[in-house]
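Quick note: to get our numbering, add 331 to the position in the sequence shown (first position is 1). A virtual CB, placed ideally from N, CA and C, is assigned to each residue, including glycine. Worksheet for the structure shown next.
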Amino acid sequence: MDPTMQSPIRFKIPYSGGRQITVPSGPHHYQREQWVGSTKQGNTPQSVFEQLKRHAIPFQGDQVSAEGAVKNVPGFGPIRQHVDDDRSIVVNTTMPGHVLHPGNVFRSVIQRGDDLYVVTEGYGTGVLPDANERGEFIWSWPDHMIRRELNPYPVLGYPMDEMNASSATRVPANAEAQPMSSSPISPEHRIPPPIFFSPY
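Here's what the structure looks like:
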């Protein structure tokens, strides 16, 4: 019987004289989807997939995903990638030596109306199944990088598009320029823009 299918798994503690710790294992599954752009912004499913191949795993660096490529996920271990350009899918398969082996993570692009999403679906039978299902947030960073590269914005603020340009200045979008008034202007109450994340 494959020991990775047994639950729990026992690992030897280094430098402990043979002591072991018990780690739960077993089947797990999670799925998340993240909005990354819109065709109204000039994005296409293909442009999203090109960015996805650059952010198919956390902290991928400058390497682009390719069919059969082996990459190391910092802190976790090696994975092998399958890239399906026709279906806009990258599959990350954990290899022996990866903390969460055996398992797969499917990263794909879907379109609903004008909106484009990256869908992440992970499953496996390795260690820490509960932590795997709760830890799907690890994909927030690569999804954020995809969204940011498709829709560049200033690091410390919102993009000044038509919608928030008029709200930021408290001037209606269709208003004509008026001469300055000598009456005092009350300060505007505004919620400060996010520091790290896009408003999208």
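Take residue i as the anchor and find which of the options has the nearest alpha-carbon.
i    : options                   : result
I410 : A462, G434, L481 and I420 : G434
S417 : P427, M426, N423 and E398 : Ser is not the amino acid found at residue 417; the sequence shown has Asp there. It is E398.
P427 : F390, I469, F407 and W470 : F407
R438 : S369, D415, H429 and N374 : D415
R479 : K343, I352 and G368       : G368
H413 : G392, V436 and V404       : V436
Report the partner residues of residue i according to the DSSP bridge assignment.
i    : result
Q537 : This structure cannot settle anything about residue 537, because the visible part of the chain is limited to 332 through 531.
I441 : Y448
Excluding five sequence neighbours on each side, which residues of the same chain lie with their C-beta closer than 6 Å to the C-beta of residue i?
i    : result
E464 : H359 and Y361
E467 : Y361 and R363
M476 : H386
T370 : D445
F380 : S419 and V440
To the nearest whole angstrom, what separates the beta carbons of residue i and residue j, a pair I think is in contact under 8 Å?
i    : j    : result
K384 : V421 : 6 Å
T451 : W470 : 5 Å
Here's a check: name, in chain order, each residue in its chain whose Cβ is nearer than 8 Å to the Cβ of residue i, leaving out the five neighbours to either side.
i    : result
V395 : K384 and R385
V458 : I340, V354, P355, S356, V430 and L431
V401 : P409, I410, R411, Q412 and M426
R350 : K343 and I344
Spatial neighbours of residue i within its chain, please: C-beta separation below 7 Å, excluding the five flanking residues on both sides.
i    : result
Q365 : Y448, V449 and D474
P376 : S419, V440, Q442 and L447
N403 : P409
V389 : First, the residue type needs correcting, since residue 389 is Pro and not Val in the sequence shown. These residues qualify, in order along the chain: V404, I469, W472 and P473.
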